[in-house]
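Remarks on the structure that follows.
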Amino acid sequence: MLTPEEIDALIEPMQPLIDDLNTFILKDIVSRLMARLKHEDPFKLSQSDIWQLEVLKEANAHYEAVKSKLAKWTGKADREIAAIFEDAGITAWDADRAIYEAQGTKTLPINKLPRMVQIMQDTMQRTYGTFHNLTRTTAHSSQQRFIRLLDEAHMKVVTGATSYQEAVRQAVDELCKTQLTITYGDAPSGQYVYHKDTIEVATLRAVRTGTAQACGNISLQGMIDNEHDVIQVSGHMGARYGDGGHNPGNHFWWQAKQYSRTGKTKELPNFDVCGYGTGEGLCGWNCRHSFGPGILGRNPYEKFDTEENQKAYDLSQKQRAMERKIRRDKENVVGRDTALRNCPASEREKYQADYDRAVSLLRKHMKAYNDFCKANNLKKQYDRLENAKYTRLMRTQSHATAR
586 MLTPEEIDAL IEPMQPLIDD LNTFILKDIV SRLMARLKHE DPFKLSQSDI WQLEVLKEAN
646 AHYEAVKSKL AKWTGKADRE IAAIFEDAGI TAWDADRAIY EAQGTKTLPI NKLPRMVQIM
706 QDTMQRTYGT FHNLTRTTAH SSQQRFIRLL DEAHMKVVTG ATSYQEAVRQ AVDELCKTQL
766 TITYGDAPSG QYVYHKDTIE VATLRAVRTG TAQACGNISL QGMIDNEHDV IQVSGHMGAR
826 YGDGGHNPGN HFWWQAKQYS RTGKTKELPN FDVCGYGTGE GLCGWNCRHS FGPGILGRNP
886 YEKFDTEENQ KAYDLSQKQR AMERKIRRDK ENVVGRDTAL RNCPASEREK YQADYDRAVS
946 LLRKHMKAYN DFCKANNLKK QYDRLENAKY TRLMRTQSHA TAR
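Position one of the sequence shown corresponds to residue 586 (my numbering), numbered consecutively onward.
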């Protein structure tokens, strides 16, 4: 069984990879937009057919650039996912083994148990499938976004709504303020369902859910093999409470309790009430709970007060929302910097002002985040605020200032 903190720590290495892909896509599109601004040709603007050819040419070049990036990126991500699953499986099984050993049952390491290894590999392959499915649409989605932005800019100019320079600047503004969303399919329960999410949300959910399910399946197999009936479910402050009813979506309701796997332990409720195997229940979408073998009457998890848990959950949700906003702010700064470095001299003052506003907004949100954490006695999650491209940008600027 993994603790919520262990689950969070296992998934964190995916974040820099996601940031790297998002910022690559942003910088590539912004650079291409600025290149068009530098080579403005009034004749091309007035000829829709020539304009469309130019747009498709640039869009195809962007598509190929993203495809090339994805080919390398997916390989790195696959290796990271494999490492996450391996670490999760070893850690979870070692925790379960400690319970069995304490009761006098001898067990083997996970690498000596072919059935356990197969369970881990099967779940990892399903996670790969989901992950590859969502990344497969990324290049196309980004290409279509690029075409839409250029078409909108063209329409604004030919209708006299704005100048060409301003139309491009507005396109850059939209790119920097909103992340690319992708549409992808998944069939968690046999029925194909389409989702529309950012790359970050889709990737982290797929990996976190897959890891939790793999560890859960390993724990269940271990209990079957060792004829163990009592299941211990983990608990943490800030568990989601759904609609407040007694159902799998209310994680606070079923967390930190013991259950009977088979129904033989009559004094315990049946494990089925936790909704294991469903999206909304235990080890489902973005769930940080886990479970493993328990010892009847010895529950290591404290009882959580309903009001206190709800407050902790609400605070954690607000903290994460602020962290996401700061991460987007940092991406915004990187995009503005790309535009500033590539804009014509005649437009530099405007793009400098846009960059300065982005930096100011980031500082404002960072201060609000620090004040919020201090006021509510929350640990600042600096790793969730990190953006590698932004860090390198700030370091480069600091060195330039020092020189």
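Here a beta-carbon is modelled for each residue, glycine too, at the ideal position from N, C-alpha and C.
Quick caveat, the model's predicted, so the values are computed rather than measured.
Segment limits, beta strand (DSSP E) that includes residue i
i, result
"Gln966", "No beta strand (DSSP E) holds Gln966; DSSP gives it neither H nor E."
"Gln840", "That residue, Gln840, is in no beta strand (DSSP E); it is neither H nor E in DSSP."
Contacts around residue i, its chain only, beta-carbon distance under 7 Å, and the 5 residues preceding and following it disregarded
i, result
"Thr712", "Ile666, Ala791, Val792, Gly795"
"Leu618", "Val753, Ala756, Val757"
"Lys762", "Asn917"
"Pro773", "Below a pLDDT of 50, predicted positions are generally treated as unreliable, and Pro773, at 49, falls in that range; no measurement from the model is reported."
"Phe876", "Met586, Gly801, Ser804, Ile816, Gln817, Val818, Ser819, Leu867"
"Arg846", "Met808, Asp814, Ile816, Phe856"
"Arg730", "Leu765"
"Tyr886", "Ser819, Gly820, Ala841"
"Lys656", "It should be noted that the sequence gives Ala, not Lys, for residue 656. Nothing listed; no residue qualifies."
"Leu970", "Glu908, Ile911, Arg912"
Best match in the options for proximity to residue i [C-alpha to C-alpha]
i, options, result
"Glu649", "Ser726, Ser845, Val919, Gly879", "Ser726"
"Lys896", "Glu751, Ala724, His821", "His821"
"Val640", "Gln728, Ala656, Leu765", "Gln728"
"Gln902", "Ala938, Asn927, Pro878, Phe957", "Phe957"
"Ile704", "Asp613, Lys741, Arg621, Gln806", "Gln806"
"Glu785", "Cys800, Gln764, Glu591", "Gln764"
"Ala646", "Gly674, Asn811, Ala797, Ile614", "Ile614"
"Thr723", "Asp707, Leu946, Pro929, Lys654", "Lys654"
"Asp857", "Thr720, Trp870, Asp593, Asn832", "Asn832"
"Leu602", "Asp782, Thr659, Ala680, Ser616", "Thr659"
"Ala662", "Asp707, Gln750, Ile911, Glu597", "Glu597"
"Lys697", "Arg730, Thr690, Ile675, Met740", "Ile675"
"Ile911", "Lys952, Lys781, Cys928", "Lys952"
"Lys949", "Asn607, Tyr826, Met907", "Met907"
"Gly834", "Asn871, Thr768, Ala799, Glu812", "Asn871"
"Asp810", "Ile592, Met740, Thr690, Gln637", "Thr690"
"Lys849", "Gly829, Gly830, Asp828, Glu812", "Glu812"
"Arg905", "Lys965, His780, Phe670", "Lys965"
"Lys612", "His780, Thr788, Glu893, Lys915", "Lys915"
"Ala673", "Gln710, Ala799, Ala656, Asn607", "Ala799"
"Cys781", "Lys741, Thr720, Met740", "A small correction: the amino acid at residue 781 is Lys; Cys does not occupy that position in the sequence shown. Taking only the C-alpha atoms, the option nearest Lys781 is Thr720."
"Ser616", "Ala656, Leu760, Glu893, Gly830", "Leu760"
"Ala620", "Leu947, Ala930, Asn955, Glu893", "Ala930"
"Glu852", "Ala787, Gly869, Gly862, Gly882", "Gly882"
"Glu590", "Gln706, Lys642, Ala677, Leu638", "Ala677"
Cβ-based neighbour list, residue i, same chain, cut-off 6 Å, excluding 5 preceding and 5 following
i, result
"Thr744", "none"
"Arg682", "Thr692"
"Pro854", "Tyr844"
"Gly823", "Ala897, Tyr898, Ser901"
"Met701", "Ile695, Ile803"
"Cys859", "Trp839, Gly866, Leu867"
"Gly827", "Gly834, Asn835"
"Ala943", "Asn917, Val918, Arg921"
"Ala644", "Gln728, Phe731, Ile732"
"Met709", "Phe670"
"Pro627", "Only weak support exists for where Pro627 lies, its pLDDT of 47 falling under 50; the coordinates are left without a value."
Terminal residues of the alpha helix (DSSP H) in which residue i lies
i, result
"Pro589", "589–596"
"Asp736", "723–743"
Residues of its chain near residue i, where Cβ-Cβ distance is below 8 Å and the 5 sequence neighbours each way are ignored
i, result
"Gln688", "Ile880"
"Ala1013", "Because the chain spans 586 through 988 in this model, residue 1013 falls outside it and cannot be assessed."
"Glu932", "Leu622, Gln750, Arg754"
"Asp593", "Arg873"
"Ile669", "Leu595, Ile596, Pro598, Met599, Val792, Thr796"
"Val651", "Phe609, Ile610, Asp613, Thr723, Ala724, Ser727, Gln728"
"Leu925", "Arg933, Tyr936, Gln937, Asp939, Tyr940"
"Ser748", "Val742"
"Gly829", "Asn835"
"Arg825", "Gly834, Asn835, His836, Phe837, Tyr898"
Length at least 4, wholly inside the stretch 653–704: the alpha helix (DSSP H) runs in chain order:
Within the stretch 653–704, no complete alpha helix (DSSP H) run reaches 4 residues.
Where are the beta strand (DSSP E) runs, 3 residues long or more, that stay fully inside the stretch 871–925, in chain order?
Fully enclosed beta strand (DSSP E) runs of 3 or longer: 876–878.
Continuous alpha helix (DSSP H) assignments of at least 4 residues falling wholly in the stretch 752–820:
Segments of the alpha helix (DSSP H) lying fully in the stretch 752–820: 784–810.
Check whether the stretch 825–840 touches the stretch 703–719, taking contact to mean three or more Cβ pairs, one atom from each stretch, closer than 8 Å.
Counting C-beta pairs closer than 8 Å gives fewer than three between the stretch 825–840 and the stretch 703–719, which falls short of the contact rule.
Do the stretch 728–737 and the stretch 801–817 make contact, defined as three or more Cβ pairs closer than 8 Å?
Output reads no: the stretch 801–817 does not touch the stretch 728–737.
With a cut-off of 8 Å, do at least 3 Cβ pairs link the stretch 671–685 to the stretch 586–596?
By the Cβ criterion, the stretch 671–685 is in contact with the stretch 586–596, since at least three pairs of Cβ atoms, one from each stretch, lie closer than 8 Å.
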